[in-house]
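Data block below; observations after.
There are 2 protein chains.
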Amino acid sequence: MSTYTLRQENREAANVRERDMTNAIRALVMDSVQKANSGHPGMPMGMADVATVLFNRFIKLDPLHPLWPDRDRFVLSAGHGSMLQYALHYLIGYPDMPIEELQRFRQLGAKTAGHPEYGHAQGIELTTGPLGQGIATAVGMALAERMLAVRFGEDIVDHHTYVIAGDGCLQEGISHEAIDLAGHLKLSKLIVFWDNNSISIDGPTSLSTSLDQLARFRAAGFYVQDIDGHDHEAIAQAIAQAKLSKQPSLISCRTLIGKGAPNLQGTEKTHGAPLGEAEIAAARQAMGWAHAPFHVPEDILEAWREVARRGADERRQWCVKTAASPFGDELRQAVKKEIPETVFKDLRAFRRLHLEKATKVATRKASEMVLGIINNATDLTIGGSADLTHSNLTITPGMKHISANDFSGRYIHYGIREHGMAAAMNGLALHGGFVPYGGTFLAFADYARGAIRLSALMGQQVIYVMTHDSIGLGEDGPTHQPIEHLAMLRATPGLNVFRPADIIETAECWELALRHKDRPSVIVLSRQNLSMLRQADSTENRSSRGAYVLREPAEPRALTLLASGSEVEIACTAADMLWGQYQIPAAVVSMPSWELFEMQTLAYRRSVLAAAPRIAIEAAARLGWDRWIGEKGAFIGMQGFGASAPASDLYRHFGITPESIVATTRKLIS
Amino acid sequence: MSTYTLRQENREAANVRERDMTNAIRALVMDSVQKANSGHPGMPMGMADVATVLFNRFIKLDPLHPLWPDRDRFVLSAGHGSMLQYALHYLIGYPDMPIEELQRFRQLGAKTAGHPEYGHAQGIELTTGPLGQGIATAVGMALAERMLAVRFGEDIVDHHTYVIAGDGCLQEGISHEAIDLAGHLKLSKLIVFWDNNSISIDGPTSLSTSLDQLARFRAAGFYVQDIDGHDHEAIAQAIAQAKLSKQPSLISCRTLIGKGAPNLQGTEKTHGAPLGEAEIAAARQAMGWAHAPFHVPEDILEAWREVARRGADERRQWCVKTAASPFGDELRQAVKKEIPETVFKDLRAFRRLHLEKATKVATRKASEMVLGIINNATDLTIGGSADLTHSNLTITPGMKHISANDFSGRYIHYGIREHGMAAAMNGLALHGGFVPYGGTFLAFADYARGAIRLSALMGQQVIYVMTHDSIGLGEDGPTHQPIEHLAMLRATPGLNVFRPADIIETAECWELALRHKDRPSVIVLSRQNLSMLRQADSTENRSSRGAYVLREPAEPRALTLLASGSEVEIACTAADMLWGQYQIPAAVVSMPSWELFEMQTLAYRRSVLAAAPRIAIEAAARLGWDRWIGEKGAFIGMQGFGASAPASDLYRHFGITPESIVATTRKLIS
């Protein structure tokens, strides 16, 4: 605001300078896309005015301290417009974004990837590109800000989350989930700019939508403004108003896509392809930009660098306030997201206790018990569920839920919004200060796929609690019974998939999910009760090796049974029957995590799998299991979709029983 | 309407009777859920009044002819309330829904599955349960009705699509995509009842939403009414008004969840569990329903059967009109969805031509050429894309797009709405009359997962055209480059996944997708150009066997290279190098469809795979490939996410090259 007011004192000169600053963006965008011969100039050129005003007059960030906790978060939800962000980063002076990086736009190893990639360059707060993810992730960021502010004080936590969203972002379903949640929680520091250019890839948006977007956002509880997205004063006033609002804001910015390209602007031709040398020359002339490609005159660059200087001042003031705050150290600590060692100590004690008691519970129930311990021992965890709290068992005693009037709680009712939940959790994790976990049924991982993939791609510690993990859920039937979901998740790079077999493994898997700070975990849990299977007392976390021999027969193995989750108990029963009835010595291997098993040495993996024939048992699709059973092995699981019936009937119906394992064994080793 | 007016003549008696009819539903619901000891009584009891009025006074269907093309479509989007549908089916007299089926609710093999399952019982128009799918699929049904009406006349195509949706359906993101599209296309015969009971599983909906739902639907172009959902006259008037509207309708029905259960109604306790014997007894008393469990007195049953008689009359009248219509036969033919044999003849000619010409094109381009032939030879196909028309190449010459003012076209601009598109295609397929296909990028299969799974579960012929199928898309980077998606789709039961290697296989795979009437197909296509690889002239569709030996070396095989899509060409080059440089005779096997290969005889599969060591090459995740390469084989593909760079750089960077295959071979067979 101060900067905004300051500019008014010498409006004429400031306007001229700001116009030049905007042209610098447009020129850099045209040049970079042209050199790459690939990319999207339309959005960055259309939104160059908005971005200039936002960065020049409002935004709070310090390129030399890109992780400063109280920086504003800038989210380019329309990620195909990545050149807008790269141009801004060069102009305000992020040290890792010299002009050479813009010249290497979209080339191997460049920081200037086709879409903004979290971790590639400083100041990129999240990966975007799949439309709608940015706005939905931003909801989590804005929520994190409010929660940290309540914990540590508004004097040291007070920043905004700015989003640039396109028509695509707002057509995607995830945007509905996101804005409904943001409006409900009155996340007033979330400010969304809609690049309202009426153009999508296929042509005018009128080909596919007639929605009254402003009315839609108002219905969701947003403060809505509608402006000319090329009028700098209108933009500045709208941002100032939005910052005053008690609701989240939508600023509809009516823009011309590709603004500045005299012959192509306003058409889908500027959306996703270089403008061509001739049009770029014409644009230079029309803008009055006589400078060479990739060249920004020193005075204009100097004007842009003022943004960084303002940010640095603000950061210095914040450091002073933080030093004075009783919560300064705690904030710095929270942002590191270090799970205290007491959590792990308590979890080991939990394991010892239940090993002795041989506690038989559903693993979803075991997870609830484990969460009770974790949530007691650390404040970092933030729970939630997509309206299945008492099925996922994700709430623990004393957890207060968050509402628009009270952000001091630790539990989020995400609503029936799996995708929005997953994206919001990404935002909570990216913002810093929290380790989010959230529940739904495993089958509804489908709905959250887009955001789960981004958790993995961004390497964020988000923990998915996915219960009702097989036909074991029973009567709800095939729509609710996961079949292909384990394969889908296991095939996803950078994602831990845990399917614990009993209460002990559940505690171990939770511990591993907490230890793996650089990746998301999915903990897949049963609805039905499962016996405690672990025999030896051990402080070792056996799940940490991904797979291990749970039962080794007295005689040399004639067979190895591989299983995960609820099917490990069935394998154990089968092993007993094989020995009792036929004196066939069978080992049972529990495989709670394929990913971790893959990371073990070849020697360890061989010792676990061994040379004897193998049968895998899992109430899911076969895909992937052949890696472990080999060509001579067998698989007992699901061949198609499930059915609606009590769980025990279904296991019999689909032949996932000890008897069936015994019969298959007899065929296999005869 | 006629029936609605008729009732007015003797309103008093009619009201009493209709009240009894409603109580019959409530009693059957309570009894069935109690007997199953599982299920959701709350929604059916809350919406029993709406359902009674809709069925008693309006709906047009004939239980003895459940596939009558001009029937109204009834969509229970809130599928957990399945007992509402089963009670209705029993009451109006579907022959396959005797009282015994209600008594077997949620038991193995019963028609009364936990959620309505398409194909299990007559009159179930679609599978529901995953929330939001029903309303989104209904949009496709209502669209199909409009399109058929334009083709064959309003005199013989004139029916409504009625949807019951819950809070969950409307919170899910897919609902946004659906209502935006429905409003845009002014699908005025789509009438959505919102079970506005303010209760979700976790408790009051105010825990997670503050949305003004009515304003939201108005923004999307719906005609919106808000009524007391227990007031029969208000319900009837609202339906009558909705039928007059030129827009799609939302009728907000304010209801009490579990209405009729005196101590529990209005609370989440009635949502998902039996009410208990005591509460059921109290409800019977409060309703004045003195009848035994599962018993409906003859006069009330008789009143319900009147619905069927009215429907039978309407069907008879329709038969007369259809016989008189010049388009009657065509409609009957269209509904069968028989692709004419000329399509397949033309496709064979296409293959012969391009075999001779050795046409080198991207398989997405080949698909466009194939579609040109298909769309020329049949009117059944309806194309579309989620705003990537000119990337997916899904439109062919002369295809007019559909708009609110003109339903005579064959191309749908679905907007940036992958999930909504997939669900709408399910609706088009389920309705009958069309074979829909629709395009997006393969990576965005993620967004459509929920509906793709239902295509498979329902066995619907929906064809997904998914282009940009690997790192071969280049600069757009890891968010756009599929890795785990092939595994995710291949693991899905009942889904054909085709990844053709060249123009010939593309034509073959399209042919197979058209031949497989009972299942969806995903055709996965490259952005980059691919050489024509097929050597021998052959009218045989070699892709029909799923995998086949494309190149057999002159000498006995020392190695088999397995690949799909764009990597088959790389494998061929490697085979040439292996022979030229090291005299290693390597066969190349193209595997366009794992599912079809699985269906071949063991002898055929063995002849293709052979005994020599195998290397699989696919620019995707390894998961699943071990089934084909065996324990001694190798895999060359992606180990993690992709990157942003030109495609050729990426193939080199990730080591998916002929050179890398040669190096791996030398290690493998040394």
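Residue numbers (UniProt numbering), protein chains in the order written: chain A, 1 to 670; chain B, 1 to 670.
For glycine and all other residues, C-beta sits at the position ideal for the given N, C-alpha and C.
Please read these numbers as outputs of a predicted model, since none were measured by experiment.
- For S566 (chain A), no beta strand (DSSP E) run applies; the uninterrupted alpha helix (DSSP H) run containing it begins and ends at 566-582, by DSSP.
- Per DSSP, S607 (chain B) is one residue of the alpha helix (DSSP H) stretching across 602-609.
- Per DSSP, G439 (chain A) is one residue of the beta strand (DSSP E) stretching across 435-441.
- At a C-beta separation below 9 angstroms, A491 (chain A) has these neighbours in chain B: I483, E484, H485, L486, A487, M488, A491, A620, A621, R622, L623, G624.
- At a cut-off of 8 angstroms between beta carbons, G129 (chain A) contacts chain B.
- Neighbours of H480 (chain A) across chain B, judged by C-beta separation under 7 angstroms: G129.
- Not a single CB atom of chain B sits nearer than 8 angstroms to the CB of G372 (chain A).
- Per DSSP, the beta-bridge partners of P204 (chain A) are A:I199.
- Closest in alpha carbon position to A290 (chain B), among B:P646, B:D649, B:N23, B:V662, is B:N23.
- Residue burial annotation: V33 (chain B) is buried, with at least 16 other C-beta atoms found within 10 angstroms of its C-beta.
- Cα atoms of S607 (chain B) and L623 (chain A): separation of roughly 22 angstroms, rounded to the nearest angstrom.
- Residue environment for E511 (chain B): buried (at least 16 other C-beta atoms within 10 angstroms of its C-beta).
- Below 8 angstroms, enough C-beta pairs join the stretch 162-170 of chain A and the stretch 128-141 of chain A to call them touching: three or more.
- Your pair V524 (chain A) and G229 (chain A) does not check out as a contact, with CB atoms roughly 46 angstroms apart and the cut at 8 angstroms.
- Between the stretch 47-64 of chain B and the stretch 304-320 of chain B, the count of Cβ pairs shorter than 8 angstroms is three or higher; the stretches touch.
- For a cut-off of 8 angstroms, the C-beta gap from P44 (chain A) to L84 (chain A) is around 4 angstroms, short enough to register as a contact.
- For T270 (chain A), the secondary structure class from DSSP, reduced to helix, strand or coil, is helix.
- Note on K365 (chain A): 16 or more other CB atoms within 10 angstroms of its CB, so buried under the neighbour-count rule.
- The Cβ atoms of T378 (chain B) and I339 (chain B) sit closer than 8 angstroms to each other.
- Below the 8 angstroms Cβ cutoff, chain A contributes D387, I416 as neighbours of G168 (chain B), in chain order.
- Considering only A:E177, A:R254, A:P204, A:I201, the residue with the shortest C-alpha distance to A220 (chain A) is A:E177.
- Excluding residues up to 5 positions away in sequence, T127 lie with their Cβ nearer than 6 angstroms to the Cβ of L457 (chain B) in the same chain.
- Going by DSSP, T363 (chain B) is part of no beta strand (DSSP E) but of the alpha helix (DSSP H) stretching over 363-377.
- The residue among B:A611, B:W625, B:D576, B:G81 with its C-alpha nearest the C-alpha of G258 (chain B) is B:G81.
- E177 (chain A) reaches chain B at Q171, E172, G173, H176, counting residues in chain order whose Cβ is nearer than 9 angstroms.
- In the DSSP assignment, H653 (chain B) is bridged to no other residue.
- The alpha carbon of A547 (chain B) has as its nearest neighbour, out of B:R348, B:R519, B:M599, the alpha carbon of B:M599.
- The C-alpha of T479 (chain B) lies about 21 angstroms from the C-alpha of H89 (chain A).
- Per DSSP, N56 (chain A) lies in no alpha helix (DSSP H) and is assigned neither H nor E.
- Going by beta carbons, S644 (chain B) and E475 (chain B) fall inside the 8 angstroms limit.
- When only Cα atoms are considered, T440 (chain B) and H419 (chain B) end up about 10 angstroms apart.
- Residue burial annotation: V192 (chain A) is buried, with at least 16 other C-beta atoms found within 10 angstroms of its C-beta.
- The beta carbon of N197 (chain A) lies closer than 6 angstroms to those of G46, T255, I257 in the same chain, with the five residues before and after it left out.
- Per the C-alpha coordinates, the member of A:L650, A:A362, A:P436 positioned closest to E505 (chain A) is A:A362.
- The DSSP-derived three-state label of A238 (chain A) is helix.
- Around the beta carbon of A292 (chain B), fewer than 16 other beta carbons sit within 10 angstroms, so the residue counts as exposed.
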